[in-house]
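At position 57 of the sequence shown (counting the first as 1) the number is 57 in our numbering, and the numbers step up by one without a gap. Here is the structure we will look at.
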Amino acid sequence: MKTLVIAEHDNNQVSQSTLVAITAATRFGGEVDVLVVAADGAAAASSAAAVKGVTRVLKVEALHYADATVENLAALVVRVIGEGGYRAALAGASSFGKNLCPRVAALLDVAPVSEITAVVAPGRYERPIYAGNVIVAVESDQALDVLTVRGTAFDAAPSGGAAEILSCEPAADLGLARVVGREISKSERPDLGAAEIVVSGGRGLGSGENYHRLLEPLADTLGAALGASRAAVDAGYVPNDYQVGQTGKIVAPGLYLAVGISGAIQHLAGMKDSKVIVAINKDPDAPIFQVADYGLVGDLFELVPELNTKLAAG
Numbered sequence: 001m002k003t004l005v006i007a008e009h010d011n012n013q014v015s016q017s018t019l020v021a022i023t024a025a026t027r028f029g030g031e032v033d034v035l036v037v038a039a040d041g042a043a044a045a046s047s048a049a050a051v052k053g054v055t056r057v058l059k060v061e062a063l064h065y066a067d068a069t070v071e072n073l074a075a076l077v078v079r080v081i082g083e084g085g086y087r088a089a090l091a092g093a094s095s096f097g098k099n100l101c102p103r104v105a106a107l108l109d110v111a112p113v114s115e116i117t118a119v120v121a122p123g124r125y126e127r128p129i130y131a132g133n134v135i136v137a138v139e140s141d142q143a144l145d146v147l148t149v150r151g152t153a154f155d156a157a158p159s160g161g162a163a164e165i166l167s168c169e170p171a172a173d174l175g176l177a178r179v180v181g182r183e184i185s186k187s188e189r190p191d192l193g194a195a196e197i198v199v200s201g202g203r204g205l206g207s208g209e210n211y212h213r214l215l216e217p218l219a220d221t222l223g224a225a226l227g228a229s230r231a232a233v234d235a236g237y238v239p240n241d242y243q244v245g246q247t248g249k250i251v252a253p254g255l256y257l258a259v260g261i262s263g264a265i266q267h268l269a270g271m272k273d274s275k276v277i278v279a280i281n282k283d284p285d286a287p288i289f290q291v292a293d294y295g296l297v298g299d300l301f302e303l304v305p306e307l308n309t310k311l312a313a314g
């Protein structure tokens, strides 16, 4: 039995979501191939080959894959699946995977299964519904399953592999889309999706100025990534790539600090798997306290600076 993992990468290393997808692929109990597509994929392919559990890396290089447009990528993935005899094709449930996998499934005329959290057996999976409040078992009798893997459900595959790298022929450039520009947020802080500590702010902060004034020093002290509730993003406090929740990023850090976040079910769906949750809110009945391991009830404008001062002092 063979499974295919479609790699998301930055032209140097495969992403955290891909490492999680590789772990899920190993649950099928057979060989795991990783498809790396790029204009120059040597570094990314070497990164994938060094992951434990990977059998082969299929490297496809062509200039029209430089921007990873989904139209060209999906056509290539369909061809590779057809030639490889795979039982399943997987990608992380990131923006990359959510964009690619439904298109691949449609081209193959199969039903995709999104955001799986467990591989019980080939064709039997678990996934969350109702904002993570219910876990359903999904059974598939398809010859091929196209899956996205929730990033918090499996451990990232470790290094220690030495997979074979095979160069494969590219598919034709369909010319259906082109990238005319990118605006990429850059930060010295850890990536939100992979950070061990996350400091998130909500509408209780009152303004974007307060968000930055109060939370950035705390995040700097802790070496944390910054996040936000949807309410804070919708209010314009921070960009939407800060959003944690059902319609944002799903995170499970070792420590999650929720500041001024009431705890709507959509937000809880994105962070309730965190190992330790600390909530700061003036409302003692806020839903966030139902999932918090530690709670501080009080004025966040006083508590956050005091907390930061004590942490900075050691």
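For glycine and all other residues, C-beta sits at the position ideal for the given N, C-alpha and C.
Euclidean distance between Cα positions of residue i and residue j
| i | j | result |
| --- | --- | --- |
| Ala279 | Phe301 | 14 Å |
| Tyr237 | Gly85 | 48 Å |
| Val297 | Asp285 | 10 Å |
| Gly321 | Val54 | With the chain running from 1 to 314 in the structure shown, residue 321 is simply not present. |
| Glu126 | Val32 | 20 Å |
| Val179 | Asp220 | 34 Å |
| Cys101 | Gly41 | 21 Å |
| Pro318 | Ala313 | Outside the displayed range of the chain (1 to 314) lies residue 318, so it cannot be described from this structure. |
| Ala177 | Leu63 | 14 Å |
| Gly97 | Ala91 | 5 Å |
| Lys4 | Gly82 | A small correction: the amino acid at residue 4 is Leu; Lys does not occupy that position in the sequence shown. About 11 Å. |
| Val276 | Ile261 | 16 Å |
| Ala50 | Ala163 | 7 Å |
| Pro120 | Val14 | In the sequence under discussion, the amino acid at residue 120 is Val, which differs from the Pro named in the question. Answer to the nearest angstrom: the Cα atoms are 26 Å apart. |
| Val259 | Gln16 | 26 Å |
| Met1 | Ser47 | 24 Å |
| Leu218 | Ile265 | 25 Å |
Opposing strand residues paired with residue i [DSSP bridges]
| i | result |
| --- | --- |
| Ala225 | Val198 |
| Ala89 | Leu4, Val146 |
| Tyr256 | Val198, Ile277 |
| Leu58 | Leu35, Leu166 |
| Lys249 | Val244 |
| Ala118 | Glu126 |
| Ser159 | Val51 |
| His9 | Val14 |
| Ala137 | Glu126 |
| Val113 | Leu147 |
Cβ-Cβ separation, residue j to residue i (assumed contact under 8 Å), whole Å
| i | j | result |
| --- | --- | --- |
| Val233 | Gln243 | 5 Å |
| Arg150 | Glu115 | 4 Å |
| Ala231 | Arg203 | 4 Å |
| Gly248 | Ile288 | Rounded, the Cβ-Cβ distance is 16 Å, inconsistent with contact. |
N-terminal and C-terminal residue of the beta strand (DSSP E) that residue i is part of
| i | result |
| --- | --- |
| Gly295 | 294-297 |
| Lys186 | It is not in any beta strand (DSSP E) - Lys186 carries neither H nor E in the DSSP assignment. |
| Pro170 | Taken as a continuous stretch (DSSP letters only), Pro170 belongs to no beta strand (DSSP E), as it is neither H nor E. |
Residue i: first and last residue of the uninterrupted alpha helix (DSSP H) it sits in
| i | result |
| --- | --- |
| Lys310 | 300-312 |
| Asn72 | 70-84 |
| Ala268 | Correcting the residue type first, residue 268 is Leu in the shown sequence and not Ala. Counting along the chain, the alpha helix (DSSP H) containing Leu268 begins and ends at 265-271. |
| Ser46 | 42-49 |
(message) Using a Cβ distance threshold of 8 Å, determine whether the segment 153-161 contacts the segment 19-33, with at least three qualifying pairs required.
(response) yes
(request) Evaluate the contact criterion for the segment 128-137 versus the segment 261-272: three or more CB pairs, one atom per stretch, below 8 Å. (result) yes
(request) Mind the definition here: the segment 109-122 touches the segment 140-148 only if three or more C-beta pairs lie below 8 Å; say whether that holds. (result) yes
(request) Could you tell me whether the segment 251-266 touches the segment 186-200, using the rule of 3 or more Cβ pairs below 8 Å? (result) yes
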